[in-house]
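Participant: Residue numbers (our numbering), protein chains in the order written: chain A, 3 to 118; chain B, 238 to 349.
C-beta: ideal position from N, C-alpha, C; glycine also.
Please read all numbers here as calculations on a predicted model, not as lab measurements.
Before I ask anything, let me first share the structure, which is written out below as structure tokens.
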């Protein structure tokens with residue numbers, strides 16, 4: 003079974019600085035997807051960024067980028083120019099690439115605080 | 238385009254009762270999944286429906302069940318509620334096989 007581990011329960015960063023959230027995963031599959039979701043106090047889980055395992059290029063979405071190390075099974079999220087609105091729980095998630103698979107396996111989450 | 242809609246937003250029940258939660262996916266999305274979120278266990282997969290058929294099921298007791306209607310709307314039912322069923326229940330839908338899941342705001346279920 004696949005597992006996802008986020009080793010940092012909490013992190014804080016000064017506004018406008020850069021922060022990196024860590025995620026490691028365990029799988030025997032070669033085809034899969036990785037995601038970072040953000041959950042603010044409003045509760046809605048919002049997709050931040052996704053990465054297909056077969057792509058070597060790291061995904062980027064505006065101020066958010068990932069460092070995907072397939073051999074090390076590592077998938078960290080970098081947030082540049084942190085903003086107050088980035089404060090939330092961040093979850094790393096894995097999904098198998100098997101046709102029809104929809105189940106997401108989540109890490110325990112990292113609570114990110116932005117200090118003004 | 239409207240997002241995933243879950244109703245009700247909050248529910249309070251007592252032990253032994255049953256409850257039904259509703260989820261309307263994004264228009265055009267035929268796949269719906271349910272997750273349970275608790276402080277202790279985190280986010281856990283309950284089940285997934287596609288075209289009215291359950292395709293995958295997580296490791297939950299038979300008290301947890303669901304269904305999907307022809308318009309892709311889904312319901313989940315929990316019978317004989319226990320205190321440990323108190324959680325945020327999240328529904329997600331997606332457009333296709335390789336598309337990401339989009340989540341609703343969840344239903345907060347409290348068991349007294």
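Is it a yes or a no for the stretch 314 to 323 of chain B touching the stretch 286 to 306 of chain B, going by three-plus beta-carbon pairs under 8 Å?
Facilitator: Flag = yes, the stretch 314 to 323 of chain B and the stretch 286 to 306 of chain B touch.
Participant: Following the continuous beta strand (DSSP E) through residue 329 of chain B, name the residue where it begins and the one where it ends.
Facilitator: Start and end: 324 to 331.
Participant: From the DSSP output, in three-state form, read off residue 349 of chain B for me.
Facilitator: Looking at residue 349 of chain B - three-state DSSP - the assignment turns out to be coil, as it is neither helix nor strand.
Participant: Keeping to the same chain, check which residues put their C-beta closer than 6 Å to that of residue 22 of chain A; ignore five residues upstream and five downstream.
Facilitator: Within the same chain, residue 22 of chain A has close Cβ partners 78 and 80.
Participant: Kindly indicate if chain A contains any beta-carbon less than 8 Å away from that of residue 267 of chain B.
Facilitator: Cβ-Cβ to chain A under 8 Å: no for residue 267 of chain B.
Participant: Would residue 58 of chain A pass as an interface residue toward chain B - the criterion being a Cβ-Cβ separation below 8 Å?
Facilitator: No, residue 58 of chain A lies away from the interface with chain B (no Cβ there is under 8 Å from its Cβ).
Participant: State the Cα-Cα distance for the pair residue 19 of chain A and residue 67 of chain A, rounded to the nearest angstrom.
Facilitator: C-alpha separation (whole angstroms): 14 Å.
Participant: Regarding residue 16 of chain A and the ligand MN, is the C-beta to nearest heavy atom distance less than 7 Å?
Facilitator: Looking for the ligand MN in the displayed structure turns up nothing, as the structure carries no ligands at all.
Participant: DSSP on residue 28 of chain A, reduced to helix/strand/coil?
Facilitator: Of the three classes helix, strand and coil, the one that applies to residue 28 of chain A here is strand, per DSSP.
Participant: What separation, rounded to the nearest whole angstrom, lies between the Cα atoms of residue 40 of chain A and residue 117 of chain A?
Facilitator: Rounded to the nearest angstrom, the two C-alpha atoms are 18 Å apart.
Participant: Just the chain B side, please: which residues come within less than 7 Å of residue 106 of chain A by C-beta, in chain order?
Facilitator: The answer, in chain order, is 282 and 338.
Participant: Exposed or buried, residue 285 of chain B, counting other C-beta atoms within 10 Å across all chains shown (16 or more means buried)?
Facilitator: With 16 or more other Cβ atoms within 10 Å, it is buried.
Participant: On a Cα-Cα basis, can you pick out the residue from B/315, B/267, B/314 and B/247 that is closest to residue 292 of chain B?
Facilitator: Answer by Cα proximity: B/267.
Participant: So, does the CB of residue 279 of chain B fall closer than 8 Å to a CB anywhere in chain A?
Facilitator: Cβ-Cβ to chain A under 8 Å: yes for residue 279 of chain B.
Participant: Distance check for residue 348 of chain B and residue 104 of chain A, CA to CA, integer angstroms please.
Facilitator: One C-alpha to the other measures close to 29 Å.
Participant: Determine the contact status of residue 5 of chain A and residue 35 of chain A, defining contact as a CB-CB distance below 8 Å.
Facilitator: No. Outside cutoff.
Participant: Considering only residues of the same chain and omitting the five flanking positions on each side of residue 257 of chain B, which have a CB-CB separation below 6 Å?
Facilitator: Closer than 6 Å at the Cβ level, and outside the excluded window around residue 257 of chain B, lie 312 and 314.
Participant: When the Cα of residue 16 of chain A is compared with those of A/54, A/63 and A/87, which residue comes out closest?
Facilitator: Among A/54, A/63 and A/87, the Cα nearest to that of residue 16 of chain A belongs to A/87.
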